[in-house]
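One line per chain: the protein sequences are W, E and C, in this order.
According to the numbering used here, the first sequence is numbered sequentially starting from 1.
According to the numbering used here, the second sequence is numbered sequentially starting from 1001.
According to the numbering used here, the third sequence is numbered sequentially starting from 2001.
Built from N, CA and C at the ideal position, the CB exists for glycine as well.
All of these numbers come straight from a predicted model, not from anything done at the bench.
The structure under discussion appears below in the form of structure tokens.
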Amino acid sequence: MAKTILPYVISGISVGGQYALIAIGYTMVYGILRLINFAHGDVFMVAGLLMVYLAASLPLYVSIPLVILLTVLLGFTIERVAYRPLRTAPRMSVMISAIGVSYLLQNLALYITGGLNKNYPQIPWISDRVTVLGMETSRVTIITPFLTIVLVVLLVLLINHTKIGMAMRAVSLNFETSQLMGIRINNVISATFIIGTFLAAVGSMLFFTNYPGVVPTSGAMPGLKAFVAAVFGGIGSIPGAVIGAFIIGIAESLIKGLDTILIVHGTIAEQIGFATFSDAFTFILLIIVLVFKPTGLFGEKTTDKV
Amino acid sequence: MKKQNELPNSKQSSWVSFLLVLAFLALVFYLDQIIKPTNKMYMLMTVLQKGSVYALAAVSMNLLNGYTGLFSLGHAGFMLIGAYTYAIFTIPSSARDTVYQYFDAAIRFSFPEAFSNVMGPAGTALGVLVAVILAGLLAAFFAYLIGLPVLRLKSDYLAIATLGFAEIIRAVFQWQKLGPITNGSNLLKSFARTSKFKLEVGDTKLVLSTFVPVLIATVSIIIIVKLVNSTYGRAFKAIRDDEVAAEAMGINLARHKMISFTVSSFFAGVSGAMMAMVLSIAQASNFKSAMTYEILLMVVLGGIGSTSGSVIGSFLFVAASEWWLRGLDSGTFLGINAPGVFRNGFRLVVFSIIIMIVVLFFRKGIMGEREISDLFRSRKKKAKGAAQ
Amino acid sequence: MRKDKPCVLKVEDITMQFGGVVAVNNFSMEEYEGEIVAIIGPNGAGKTTAFNVITGVYAPTNGRVTFNGERVIENFPRGKMKKAYLGQNAGKYTGHLEPTPDRLTALGMARTFQNIRLWKSMTVFDNVLIAKHLKRTSNLFSATFGGNRAEEQAQREEASALIETVGLADVRDELATSLPYGKQRRLEIARALATEPKLLLLDEPAAGMNPQETVELTRFIGEIRDQFHVSILLIEHHMDLVMDISERIYVLDFGSMIASGTPAEIQANEKVIDAYLGVTDDA
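Quick look at the structure:
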């Protein structure tokens, strides 16, 4: 029994780590701008495509940093062009702009790739197959959770102990007051997007290494799930987003394998098709959380004033 | 003074708009007879067909997002329910086994067939109508169930929860265990579709391929407009402008949000059914959140809070992406021949850039919150002012 | 006190506790038909909170509100509050009634807001007309398909008449938010009157007004009471206005009621002078 479940748990932890890296971008942006950055998942996809194209002509030690740099630049530009002009507009307008950017990035990717599946390059060492606890997997599966945790610890240190981190905390508590206190809001927001897209770029390398390739819609579903993870953990909370992401990753992976697990266990005789619900499950979880504990696991409560 | 108190649709102007609508429908009917699928101009008919599907979808989304201020992204899910309901209940029994090739079809009932057995050809039309209404009702029913928990949520949480529901619905319809009903992840086909809609009068066959979807959309949109202009529509706008004030003035928020949500979903279901009959197929995997986004962008293009804007927005969207910008995909555009740049997908890139420009710089869209009738009214006013 | 008249509003032992903070402590009051009653107190005394409890925005932690002889709001410390409750009279109330504000409006309470909350995309006329929605008898279908033309026509005429009565006829088709401040306040009152209330609750109606506008408002409030036969409960900082038009006054300080009585009594009350009139001068 344990033998059947273990591979799913391990791959779930790995996927969870990848979601966590994307979820941080959502949760930080939401914490500061109160914006669901629908384009974040597509930035993640673009990072994947950049890797495909750059690695084709450049050595990895050049293309990897270049991918990260270009992705960060993209995130920074999106904020500048599509969100900053709408700073005083209603929240719905900004959200629509985010959806527009997502639409644009997907269509751009469709145009450039011709809609074809682009094979993701093999990154030596991390793509290698290894045997852990008697099961064979790629090394990236094992590395991901650890790398995620290291990055998150670094991020939390940054937020708690640097000047820009303090500014971020202040802005997420109260946008207007921070502005009055002389915090340069625009710099803080740019920094948030830079950090968020940096982590998404790292996440994309870990994610796509385990998948056959990148297509224009590759970012949509991981993006939505990462957002759900952020809501689940309590939006605005970084540890919350990370824990939420691991829970969702593991749950999703187990549901994908639920048919097999139950057949081995003898509970059911034939396939039921639970795997169809591996994506939907995330949303069921989301709705349960929103209805019963809208602030998520670690979110703070806010009250409306009349 | 007395005159101002009169209803905005005074008798005269409602007669004028009624005649205009009739004239438009007559024109579409006439075009249906003269433009054959082989004609170069058939693109116009395609745009009219698909445009009316999206126009209804956009207008119904606008009822929710624009008039009631509920930012919901579940439209594709309700359209899916509508499309499947319509398709399942109009597949003729002779075609069932071919369509459900991997499953033993559980539903073997077809409205057009059942009614035509009793009433003849008129029964077929009635059957299609009943299936369309049922499509709307089922979508509305699901919306009611979903609305109970999620309509309490605030703006962006509501958006993400409804988006999630659409994804859940899509998964459920693709589930192989429901195959006998939904055909699993395989597509549904062979049901009553617009390309087959004909009216036989004596020896002449009158084509109705474009007329029927345009008619359904027109009637539905008129109903939505009437709702928006009614006392309920005004209550919706009050909720959009200020929820707290609306509640303090005696408007029951839960009830009115639910009305708006179910009515919007009813028409989303109808537009889903229309989509099935226009495209001749229904497949759950087509109803992704990207479809909702597209409809939302049509609403934005036309102007959030304007019904005529949504209609114009969707026809422009469809015409641009299906017709006018075609050249961008196939080598030559506006006489410029550049196959290297103008290849597959370029159209959508240009198109999304146009959309971004509208979103960023023309936030009010084409119509803002005005309607076409407002444009005439303000011109009249101006003319009056000039005369004095 | 017009004790000969029926009691419109009876508030009994209302306590509102947020977490560990008691915003309103054991507040009780009565209002009789046709009266103008004011609640005053320094900033943060809990006036608006008390107001929000009466209008159903917050459910009180403990206490009861009776409106027109009907018990409409009642609560007692429950759940987490059971242990955390810091107020008095625990155990006195056992009922649980927590209506949403629209229910209370339907019963005949209507309010205005401290920070004006008009429907901003709509005209003066529409703002008043929408408040008539409450009085409809038509259902969704008859309203959509024009089966309620008579009712619609009647509501439009009533709204127009109301706008004329409050002196906004000249700006009838202007956007509500384009009006000067004083007229916006007037419109908010007209909108509340459109729901045909028995009790009109005004949350700082003179906030942000100049002396001239305040004088006009004072007269206006008196006229409304007589013309529409409503009782009026108001929260106010402007002492002139309060002393001019109120028949009785309740004074809140730190959430508790420290005095009540006629304007003359209140002006002479030492506690009140200490807590409020002598110390701060918001007016």
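Looking at the DSSP output, Phe1111 of chain E shares a beta bridge with no other residue. Counted as a single uninterrupted DSSP element, the alpha helix (DSSP H) harbouring Phe292 of chain W occupies residues Ser278 to Phe292. By the Cβ neighbour-count rule, Trp125 of chain W is exposed, with fewer than 16 other Cβ atoms within 10 Å of its own.
Chain-ordered, the chain W residues with CB closer than 7 Å to the CB of Arg1363 of chain E read Ala89 and Ser93. Per DSSP, the beta bridge partners of Ser2256 of chain C are C:Asp2253. The residues Leu1070, Leu1158, Ala1254, Lys1257, Met1258 and Phe1261, in chain order, have a CB closer than 8 Å to that of Leu1151 of chain E in the same chain once the five nearest residues on each side in sequence are set aside. With a 10 Å radius around the Cβ and a threshold of 16 neighbouring Cβ atoms, Asn107 of chain W comes out buried.
Against chain C, the beta carbon of Gly1250 of chain E has neighbours under 9 Å at Pro2101, Asp2102, Arg2103, Leu2104, Thr2105, Ala2106, Ala2110, Ala2131, His2133, Leu2134, Lys2135 and Thr2195, listed in chain order. Beta bridge pairing from DSSP links Met2016 of chain C with C:Val2024. Under the DSSP assignment, Asn187 of chain W falls in the alpha helix (DSSP H) whose first and last residues are Ile185 to Thr209.
By the 16-neighbour rule on beta-carbons within 10 angstroms, Asn117 of chain W is exposed.
For Tyr111 of chain W, the nearest CB of chain E lies under 8 Å from its own CB, placing it at the interface with that chain. DSSP places Arg1343 of chain E in no beta strand (DSSP E); its state is neither H nor E.
Within the region 1323 to 1349 of chain E, contact with chain W at the beta-carbon level (separation under 7 Å) is assigned to Asn1344, Gly1345, Phe1346, Leu1348 and Val1349. Here Thr2055 of chain C carries a coil assignment [DSSP, helix/strand/coil]. Between the region 1031 to 1044 of chain E and the region 1193 to 1213 of chain E there are three or more C-beta pairs closer than 8 Å, enough to call the two in contact. Interface flag for Glu1369 of chain E against chain W is unset, since no Cβ pair is found closer than 8 Å. Within chain E, no C-beta atom comes less than 9 Å from the C-beta of Tyr26 of chain W; the nearest is roughly 10 Å away. Under the Cβ distance rule, Glu2204 of chain C does not count among the residues neighbouring chain E, no pair being separated by less than 8 Å.
Taking a contact as a CB-CB distance under 8 Å, the pair Ala2192 of chain C and Thr2137 of chain C does not count as one, their CB atoms being some 21 Å apart. For Asp2203 of chain C, the enclosing beta strand (DSSP E) covers residues Leu2199 to Asp2203. A residue is called buried once 16 or more other Cβ atoms fall within 10 Å of its Cβ, and Tyr1030 of chain E, having fewer, is exposed.
Listed in chain order, the positions of the region 1214 to 1239 of chain E with a beta carbon within less than 8 Å of a beta carbon of chain C are Ile1223, Lys1226, Leu1227, Ser1230, Thr1231, Tyr1232, Arg1234, Ala1235, Lys1237 and Ala1238. Going by DSSP, Lys1364 of chain E is part of no beta strand (DSSP E) at all; its letter is neither H nor E. Less than 8 Å separates the beta-carbon of Phe232 of chain W from that of Leu286 of chain W. When only Cα atoms are considered, Ala55 of chain W and Phe38 of chain W end up about 27 Å apart. A direct Cα-to-Cα measurement between Lys1205 of chain E and Phe281 of chain W gives close to 51 Å.
Val289 of chain W and Gly296 of chain W have their alpha carbons spaced roughly 6 Å apart.
Only those residues of the region 1132 to 1166 of chain E whose C-beta falls short of 9 Å from the nearest C-beta of chain C would be listed, and there are none. Under the DSSP assignment, Lys225 of chain W falls in the alpha helix (DSSP H) whose first and last residues are Ala220 to Gly233. Across the set W:Ala241, W:Met221 and W:Phe292, the C-alpha of W:Ala241 shows the shortest separation from the C-alpha of Phe298 of chain W. Inclusion of Ala2190 of chain C and Ile2221 of chain C in the CB contact set at 8 Å is not warranted, their separation being larger than that value. For Glu2031 of chain C, the beta-bridge partners assigned by DSSP are C:Leu2009. The beta-carbon of Met2016 of chain C is placed no less than 8 Å from the nearest beta-carbon of chain E. Per DSSP, Phe1191 of chain E lies in no alpha helix (DSSP H) segment and is marked neither H nor E. Listed along chain E are Arg1234, Lys1237, Ala1238 and Asp1241, each with a C-beta nearer than 9 Å to that of Met2122 of chain C.
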